[in-house]
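Top line first, the protein sequences correspond to chains A and B. Quick note, our numbering runs 2 ahead of the 1-based positions in the first sequence. Quick note, our numbering runs 120 ahead of the 1-based positions in the second sequence.
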Amino acid sequence: MSDLLTFENVWLEYGDKIVLERVNLMIAEQSFVSIVGPSGAGKSSFLRLALGQEAPSRGRILLDGTPLPPECGPDRGVVFQRYSVFPHLTALRNVMFARECTDAPVLGHLFGAARRRAAEEATAMLVEVGLGDSLHQYPTQLSGGMQQRLAIAQALIARPRVLLLDEPFGALDPGIRQNMHRLILRLWEEHQLTVLMVTHDITEAFKLGTRVLAFDKRRVDPHAPHRFGATAVYDLPLKHKLPLDTPEVSISGITIDRIGNNSQR
Amino acid sequence: MRWVNVRPNRRSSILLGTLPLLAVFVAYLIAAAIRHGSNGADKILPTPLAMMTAMHSLVIETDPLSGNVLFWTDTLASLQRLGIGLGICALSALLVGMILGVLPVARTTFGPLVTTIAVIPPIALLPVLFIVFGLGETAKVALIVVGVAPFLIRDLADHVADLPKEQLVKAQTLGASSWQLALRVALPQALPRLIAGLRLSLGPAWVYLISAEAIASDSGLGYRIFLVRRYLSMDIIIPYVAWISLLAITTDVALKQLSRRSFVWAHEAHR
């Protein structure tokens, strides 16, 4: 396993407000990194940097050893909590979108055999995420969980180097969330993905991740709280994941170790 | 049961909706009967029979002066001006609105210009249009365009610019270029909004059309109304106004149906 994504002394500042400071991280290929932390600790900003939606104000981000352009590209896939599918396209067309973009630069639509191939490929992907029966439904006709399945299928078909998930299961019911956990783990293994997932749910972070990053501020100036940024304060590689059927309980801290991660380090 | 929870079903909705219209009609009949009771030659509130007689000659008979059946010539002339005007509005809104909505650079550059044009009262520009384009068809169409297009452009540009950022990011991660983003993500979602904007613009468009026709024309529904006003011909004005309303309602319903049929996804959430 080599390092796929490297953060070298990355800072993110807006004017004199520092959001992230001194982020130094190496993300290994085929790892599943969960990112937790309190609200406002820069988790989503970190993801936006990895996505290329924003450029760091200092430092460099390298993907496969080359600096990341400050623009989103097909090497990084993304699933947001909401709005990450196109409401005007059916499930099938949503998943065909990536292929149509790469193969039809001018018209944006495929025809004939190319279209059939794209449709077959998209259908297979939809079947894989369990949406084989909803090919021709619009996203508004799908439930929240199905919409997220669709968003994942849509992202995976572009074969991204890194899959970025921004609280993808935050808006779902607990039962549905467990199904989604199984799904994402299965896809992660089958497609040998590298995943960065931001979550509020610490149990989820430990169930899914092979590594958990906790973002927070190391220092706080009470008179000028915006002058210190957050960074990865804990970086825990996990040898054992929490079992998938772990009930969702509110854990007061992340130091509870029920499965021996600490003792074996 | 509280009043806020009383919801009429489909049949009683139709009945309830018809009642006020019927009431207005009956009130008119009573008022007309009273006026005709005191003065048999009253022209202000003509009876339906008088209206039918007056309209008969306009709808059926050929006008000896022009050789046309006036009612249909008027209708065709007005609808043609309205159609061309709104068509130009829709196309320009689609083109300019999309560019302003999709490209932040274009929005910063041309947004203030569009806003400035939009706040000019179109009727105030009518003399300018007559001077520039002459008294022919062009000036009338131009008035509709000047009046309606800026509103449509701004509405569409705002709508496109307000599309969830997540969608734009997602499209880019799927490999979409600026052009594909505009064509595949922004345009399809702008179209139902354009139709909604057109429906809202129908009222103002008719106002501009009738204003232009009233001032300089030789045919058109607005022209006829203002012409026969000189003879106090309420028996022609009232049917003409009713006809204009009917045309407006029909256009509105047609546009609504078009949107519902073509963009099922846009109406799904509001059911």
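Just so you know, even glycine gets a beta-carbon here, dropped at the ideal spot from N, CA and C.
Alpha carbon to alpha carbon, what distance is there between Ser46/A and Leu195/A?
On the first sequence, residue 195/A is found 193 positions in, with the first residue counted as 1. On the first sequence, residue 46/A is found 44 positions in, with the first residue counted as 1. Rounded to whole angstroms, Leu195/A to Ser46/A spans 20 Å at the Cα level.
Per DSSP, what kind of secondary structure is Ile240/B in: helix, strand or coil?
Locating residue 240/B in the second sequence gives position 120, counting from the first residue. Correct three-state label for Ile240/B: coil.
Considering Cα atoms alone, identify which of Phe230/A, Leu244/A, Val214/A and Lys243/A is closest to Leu27/A.
Numbered from 1 along the first sequence, position 25 holds the residue referred to as residue 27/A. The shortest Cα separation from Leu27/A among Phe230/A, Leu244/A, Val214/A and Lys243/A belongs to Val214/A.
State the beta-bridge partners of Val38/A as determined by DSSP.
Translated into positions along the first sequence, residue 38/A becomes position 36. In DSSP, Val38/A forms a bridge with Ala216/A.
For His138/A, decide whether its Cβ has a neighbour in chain B, counting only Cβ atoms nearer than 7 Å.
Against the first sequence, residue 138/A aligns to sequence position 136. Look at His138/A: its C-beta is not under 7 Å from any C-beta on chain B.
Over the uninterrupted alpha helix (DSSP H) stretch that includes Glu123/A, give me the two end residues.
In the first sequence, residue 123/A corresponds to position 121, counting from 1. Looking at the DSSP string, the run of the alpha helix (DSSP H) that includes Glu123/A is Gly114 to Glu130.
Assuming Phe99/A is part of the alpha helix (DSSP H), what are its boundary residues?
Within the first sequence, residue 99/A is the residue found at index 97, counting from 1. Here the alpha helix (DSSP H) through Phe99/A covers Ala93 to Asp105.
Which residue wins for smallest C-alpha separation from Tyr328/B, given the options Leu347/B, Gly267/B, Asp355/B and Asp275/B?
Taking the second sequence and counting its residues from 1, the one referred to as residue 328/B is at position 208. Among Leu347/B, Gly267/B, Asp355/B and Asp275/B, the Cα nearest to that of Tyr328/B is on Gly267/B.
Residues, ordered as in the chain, of the region 281-311 of chain B that lie near chain A by beta-carbon distance below 7 Å
The residues in question are Pro284, Glu286, Gln287, Val289, Lys290, Gln292, Thr293, Leu294, Gly295, Ala296, Ser297, Gln300, Leu303, Arg304, Val305, Pro308 and Gln309.
Using a Cβ-Cβ cut-off of less than 8 Å, give me the residues of the region 46-77 of chain A that come near chain B, in sequence order.
Only those residues of the region 46-77 of chain A whose C-beta falls short of 8 Å from the nearest C-beta of chain B are listed: Leu53, Gln55, Glu73, Cys74, Gly75 and Pro76.
Same chain, Cβ closer than 6 Å to Asp162/B, five either side skipped, listed in chain order
Taking the first residue of the second sequence as position 1, residue 162/B is located at position 42. Here the set comprises Arg155 and His156.
Along chain A, which residues have their Cβ under 7 Å away from the Cβ of Trp385/B?
Translated into the one-based positions of the second sequence, residue 385/B becomes position 265. Within chain A, the residues whose beta carbon sits less than 7 Å from that of Trp385/B are Pro89, His90, Tyr140 and Thr142, listed in sequence order.
For chain B, find out if any of its Cβ atoms is closer than 7 Å to the Cβ of Phe34/A; answer yes or no.
The sequence position of residue 34/A within the first sequence is 32, counting from 1. So no, Phe34/A is outside the interface.
When we look at the beta-carbon of Pro170/A and count the other beta-carbons within 10 Å, is it buried (16 or more) or exposed?
What you label residue 170/A is simply residue 168 of the first sequence in a count that begins at 1. Residue environment: Pro170/A is assigned as buried (16 or more neighbouring CB atoms within 10 Å of its CB, all protein chains considered).
Below 8 Å on the Cβ atoms is my guess for Asp223/A versus Ala43/A; work out the distance and round it to an integer in Å.
Start at 1 with the first residue of the first sequence, and residue 223/A comes out as number 221. Start at 1 with the first residue of the first sequence, and residue 43/A comes out as number 41. So it is not a contact: roughly 16 Å between Cβ atoms.
Please name the residues in the region 112-132 of chain A whose beta-carbon is closer than 7 Å to at least one beta-carbon of chain B, in chain order.
Of all residues in the region 112-132 of chain A, none has a Cβ within less than 7 Å of some Cβ in chain B.
For the putative contact between Trp190/A and Val197/A, defined by C-beta atoms under 8 Å, what is the C-beta separation to the nearest angstrom?
For this step, residue 190/A is matched to residue 188 along the first sequence. For this step, residue 197/A is matched to residue 195 along the first sequence. In this structure Trp190/A touches Val197/A by the C-beta definition: roughly 6 Å separates them, less than 8 Å.
Could you name the residues of the same chain whose beta carbon sits closer than 7 Å to that of Arg319/B, not counting the 5 residues immediately before and after it, in chain order?
Counting from 1 along the second sequence, the entry for residue 319/B is found at position 199. Hits under 7 Å: Asp372, Leu375 and Lys376.
Name, please, each residue of chain B whose Cβ falls closer than 8 Å to the Cβ of Pro40/A.
Sequence index remark: in the first sequence, residue 40/A carries index 38 (1-based). Within chain B, no residue comes near Pro40/A; the closest Cβ sits about 23 Å away, beyond 8 Å.
Which residues in the same chain as Ser379/B place their Cβ atom closer than 6 Å to its Cβ, once the five residues preceding and following it in sequence are excluded?
Counting from one through the second sequence, the residue named residue 379/B turns up at place 259. Pro312 and Ile315, listed in sequence order.
How would you label Met98/A, buried or exposed, when you count the other beta carbons within 10 angstroms and need 16 or more for buried?
One-based indexing of the first sequence puts residue 98/A at position 96. Buried, since its Cβ has 16 or more Cβ neighbours within 10 Å.
Nearest to Leu165/A by CA position, among Gln32/A, Glu23/A, Asp5/A and Ile20/A, is which residue?
Along the first sequence, read from residue 1 onward, the residue named residue 165/A stands at position 163. Comparing Cα-Cα distances from Leu165/A to each of Gln32/A, Glu23/A, Asp5/A and Ile20/A, the minimum goes to Gln32/A.
If we cut at 7 Å on Cβ distances, does Thr196/A have a partner in chain B?
If you number the first sequence from 1, residue 196/A lands on position 194. False, the Cβ-Cβ gap to chain B never drops below 7 Å.
Would a C-beta distance cut-off of 7 Å place Asp338/B and Ala170/B closer than the cut-off?
As a working note, residue 338/B is residue 218 in the second sequence. As a working note, residue 170/B is residue 50 in the second sequence. The Cβ atoms of Asp338/B and Ala170/B lie no closer than 7 Å to each other.
I want to see whether chain A comes within less than 7 Å of Glu388/B, judged by CB atoms only; does it?
Your numbering for residue 388/B matches position 268 in the second sequence. Closer than 7 Å to some Cβ of chain A, the Cβ of Glu388/B qualifies, so yes.
Buried or exposed: where does Ser254/A fall if 16 or more other Cβ atoms within 10 Å of its Cβ makes it buried?
In the first sequence, residue 254/A corresponds to position 252, counting from 1. With a pLDDT of only 48 at Ser254/A, under 50, the local geometry of the prediction cannot be trusted, and no value is derived from it.
Sub-7 Å separation of Leu64/A and Leu94/A beta-carbons:
Counted from its first residue, the first sequence places residue 64/A at position 62. Counted from its first residue, the first sequence places residue 94/A at position 92. No. Outside cutoff.
Looking at the C-beta of Ser277/A, does it have a partner C-beta in chain B at a distance below 7 Å?
The question about residue 277/A has no answer here: the residues shown for chain A are numbered 3 through 267.
Please report the distance separating the alpha-carbon of Ala120/A from that of Ile159/A.
Within the first sequence, residue 120/A is the residue found at index 118, counting from 1. Within the first sequence, residue 159/A is the residue found at index 157, counting from 1. Computed Cα separation, rounded: 10 Å.
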